[in-house]
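Reading through the structure tokens given below for one structure.
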Amino acid sequence: MGIISRGFGGRRRESSPDLPPGQYLTHDFPVLSAGPTPRIPLDRWQFSIITETGEKHTWNWDEFTALPADEFTVDIHCVTKWSKLGTTWKGVSLDTLMADVESAADYAMAHSFGGYTTNVPVEDLLDGKAWVAYEFDGEPLHPEHGGPARLLIPHLYFWKSAKWVNGLRMMPEDEPGFWEAAGYHMYGDPWSEQRYHGD
Amino acid sequence: MELDGNALAGDLREVFAGDLTAAVFTCAGCGHAGAVATLRVFQPAPGLVGRCPSCEDVVLRLVRTPDRVFLCLSGATRLELSLDGE
Numbered sequence: 001m002g003i004i005s006r007g008f009g010g011r012r013r014e015s016s017p018d019l020p021p022g023q024y025l026t027h028d029f030p031v032l033s034a035g036p037t038p039r040i041p042l043d044r045w046q047f048s049i050i051t052e053t054g055e056k057h058t059w060n061w062d063e064f065t066a067l068p069a070d071e072f073t074v075d076i077h078c079v080t081k082w083s084k085l086g087t088t089w090k091g092v093s094l095d096t097l098m099a100d101v102e103s104a105a106d107y108a109m110a111h112s113f114g115g116y117t118t119n120v121p122v123e124d125l126l127d128g129k130a131w132v133a134y135e136f137d138g139e140p141l142h143p144e145h146g147g148p149a150r151l152l153i154p155h156l157y158f159w160k161s162a163k164w165v166n167g168l169r170m171m172p173e174d175e176p177g178f179w180e181a182a183g184y185h186m187y188g189d190p191w192s193e194q195r196y197h198g199d
Numbered sequence: 001m002e003l004d005g006n007a008l009a010g011d012l013r014e015v016f017a018g019d020l021t022a023a024v025f026t027c028a029g030c031g032h033a034g035a036v037a038t039l040r041v042f043q044p045a046p047g048l049v050g051r052c053p054s055c056e057d058v059v060l061r062l063v064r065t066p067d068r069v070f071l072c073l074s075g076a077t078r079l080e081l082s083l084d085g086e
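Structure representation (structure tokens):
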């Protein structure tokens, strides 16, 4: 983490070295949503990883929250140009969730309650780069921010951090998810401004 | 006879030149048919998302960039437009 500057607001252009090109700092937490906010009772929540051979690994809420969890502070960058620095989360690393999953797939499709999808290379999920997060700022993750749990891949634009995530489907080939099929970039690196198809 | 897509020019101009909110979509999810104006649209989001008022499935997605617009109609099996302008 770099230095977190405080006391600025609005769309004022900042020059923090932690701010990718074309982004502005915000200190609130904007809510973007492509549909109604699903309310998922914890006794109906589950997270599954389905491999390319059809093998399925599933955790219910109690099993998921019993896994070793990380508390971590990261910067997040939305493709709509706001960035929020120094956000604090708690969640289970994808390294932990994938530990017993046998897969040679290079890509994964994240799936969410409500039907949202987004595609991610597997190497961007591993080595401490991604989590399934269930607390923000020390509190249970609010539904409007993706609770009970959301994917968190902070080094990619935030549309890759699927709210209300309920699983990963491993894929040998890359396929577009919800926004990628509608013109957004297949990868979404904020430092290269990979916003749209062809960027 | 086989032609290329240029043969569609006149008909597509008729479809895409006017106000499409009166066009009738058919939802690929549930088969519901209704005017585009009756879609449920949620914002803010990285693009415009029109959902079926009957089943909430996504009927259309529209993404604007500084120099392009993407229209994804994979959630609609059909668009029906009146040609009499009414």
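One line per chain: the protein sequences are A and B, in this order.
The opening residue of the first sequence carries number 1 in full-length UniProt numbering; numbering runs sequentially from there.
The opening residue of the second sequence carries number 1 in full-length UniProt numbering; numbering runs sequentially from there.
Idealized CB from N, CA, C, for every residue including glycine.
Values in this document were obtained by computation on a predicted structure and should not be read as measured data.
Cutoff 7 Å: B/Gly47 Cβ touching any chain A Cβ
So, interface residue.
Less than 7 Å between the C-beta atoms of A/Ile49 and A/Leu168, yes or no?
Yes, they are a contact pair.
Looking at the secondary structure, which residues open and close the alpha helix (DSSP H) in which A/Trp61 lies?
DSSP places A/Trp61 inside the alpha helix (DSSP H), whose first and last residues are 61-65.
Look at the Cβ atom of residue 101 of chain B, then the Cβ atom of B/Leu60, and state whether they are nearer than 7 Å.
Because chain B is modelled from 1 through 86, residue 101 of chain B falls outside the range shown and cannot be assessed.
With 16 other CB atoms within 10 Å as the buried threshold, where does A/Glu144 fall?
With fewer than 16 other Cβ atoms within 10 Å, it is exposed.
Just checking, does the segment 42-55 of chain B make contact with the segment 5-14 of chain B on the three C-beta pairs under 8 Å criterion?
Here the segment 42-55 of chain B does not lie against the segment 5-14 of chain B, with fewer than 3 beta-carbon pairs under 8 Å apart.
Hey, could you find the ends of the alpha helix (DSSP H) B/Leu48 is sitting in?
Bounds of any alpha helix (DSSP H) do not take in B/Leu48; it lies within the beta strand (DSSP E) bounded by 48-51.
Residue from B/Pro66, B/Gly29, B/Leu20 whose Cα sits closest to the Cα of B/Cys55:
Nearest to B/Cys55 by C-alpha distance, out of B/Pro66, B/Gly29, B/Leu20, is B/Gly29.
For a quick check, are the C-beta atoms of A/Trp159 and A/Trp179 less than 7 Å apart?
For the pair A/Trp159 and A/Trp179, the CB atoms are nearer than the 7 Å cut-off.
Check the C-beta distance from A/Glu175 over to A/Met109 and give it rounded, since I have them as a contact under 8 Å.
Sure, about 6 Å apart at Cβ, within 8 Å.
Where does A/Pro121 fall in DSSP's three states?
Strand.
With 7 Å set as the bound, which would you pick, yes or no: does the beta-carbon of B/Thr65 sit closer than that to a beta-carbon of chain A?
Judged by the 7 Å Cβ criterion, B/Thr65 is in contact with chain A.
DSSP beta-bridge partners for A/His77?
When beta bridges are read from the DSSP output, A/His77 appears opposite A/Ser83.
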